[in-house]
Structures are given as structure tokens and as C-alpha cells.
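Q: Residue numbers for the sequence shown follow the working numbering, beginning at 3 and rising by one. Positions of the beta carbon are idealized from the N, C-alpha and C atoms, including for glycine.
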Amino acid sequence: MTAKTKTFDCVQMKRQAQEKLLAEYESRKDEFDCYSQFIESKSRCSTWQEDFWAKVEQARRQ
């Protein structure tokens, strides 16, 4: 069996995502006390992420 050739660079993709997040944080940093608050806020912007955080909160209470 032959491995498929990657059509993207995982490291580059991750770096670009981090650069995009940091640029948005820099433009909105007055809204947050720290970068981690910004990241948590961003992570609550979709239904999937809301469900994930609800499960995290439920697990914390157990």
C-alpha cells in the first residue's frame, strides 16, 4: 500500500491559524484581560464548541 501524498503542510496551516488569531486578538485586546480569555471567547462561537464547553463544565461539577 502506498501512502497518499499530502497536499498541505500541517505546520504551515497551524502557524497561519495562530497568526490569524493573534492578529484578531491584537485588534480586540481592549475587550479582554488576557489572551486566554480571548481564546475561550472565540471557542464559544459555534454550536459544536458550545456543546463541548457544556460537557467540560458538566465534567468539572462531577
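Would you mind stating whether L23 and K44 have Cβ atoms separated by less than 8 Å?
A: yes
Q: Is T49 helix, strand or coil by DSSP?
A: helix
Q: Measuring only the C-alpha atoms, how far is R63 from W55?
A: 12 Å
Q: What is the residue span of the alpha helix (DSSP H) that A19 lies within?
A: C12 to R30
Q: Could you work out which residue in S48, Y27 and C47 is closest to S38 when comparing CA atoms only?
A: Ranking S48, Y27 and C47 by Cα distance to S38 puts Y27 first.
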